[in-house]
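See structure below.
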Amino acid sequence: MSNSVYQINKGINKPIEFKGLKAQYIWYLGGGLVILMIIFAILYIAGINIFICLIIIFSAGTALFMYVYKMSRTYGQYGLMKKIARKAVPKVIKNYSIVKLKKQLLK
Numbered sequence: 000m001s002n003s004v005y006q007i008n009k010g011i012n013k014p015i016e017f018k019g020l021k022a023q024y025i026w027y028l029g030g031g032l033v034i035l036m037i038i039f040a041i042l043y044i045a046g047i048n049i050f051i052c053l054i055i056i057f058s059a060g061t062a063l064f065m066y067v068y069k070m071s072r073t074y075g076q077y078g079l080m081k082k083i084a085r086k087a088v089p090k091v092i093k094n095y096s097i098v099k100l101k102k103q104l105l106k
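Quick note: the sequence shown uses numbering that gives the first Met the number 0, first residue 0, plus one each step.
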């Protein structure tokens, strides 16, 4: 009887990663690039000089790449959920039951 060799998939439960971008940020970058192509087409059809169009699109593309990579490094796989959750945490917790208790004790 021969021994079988099985390969272990060590990527289970890991986020998808492509050149440093994790999980949903790949989609954000792809969507941003599609929007930039549409903007380029609109500018070109509007009759703006092609060199000006290219400068605008390349600068916006550079800003897009920098922003998406920064978000990917900062927040990781669960990204914007963490940012939204931080805004939902209250800054102060007030407990009015102690005030009512003190009023009752003072009577």
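Quick reminder that beta carbons are idealized off the backbone N, C-alpha and C, glycines included.
- Task: On the DSSP bridge assignment, give the partners of residue 18 in chain order.
- Result: DSSP, once it has assigned bridges, lists no residue as partnering residue 18.
- Query: Near residue 71, which residues of its chain fall below 6 Å by C-beta distance, leaving aside the five closest residues on each side in sequence?
  - Reply: 20, 21 and 24
- Ignore the nearest five residues each way along the sequence and tell me which others in residue 31's own chain have a CB closer than 6 Å to its CB. These residues qualify, in order along the chain: 63.
- residue 28 burial status per 10 Å Cβ neighbour count (16 or more: buried): buried
- Straight-line gap, residue 12 to residue 76 (C-alpha atoms, nearest Å): 11 Å
- Query: In chain order, what residues of the same chain have a beta carbon less than 6 Å from the beta carbon of residue 14, not counting five sequence neighbours either side?
  - Reply: 21, 22 and 76
- Query: Straight-line CA distance for residue 44 to residue 58?
  - Reply: 20 Å
- Task: Name the two residues that bound the continuous alpha helix (DSSP H) containing residue 71.
- Result: 49-74
- Item | Distance CB(residue 86)-CB(residue 74) smaller than 9 Å | no
- Taking the alpha-carbon positions, what's the residue 55 to residue 18 distance? 25 Å
- Anyone know if the C-beta pair for residue 60 and residue 42 falls short of 9 Å? no
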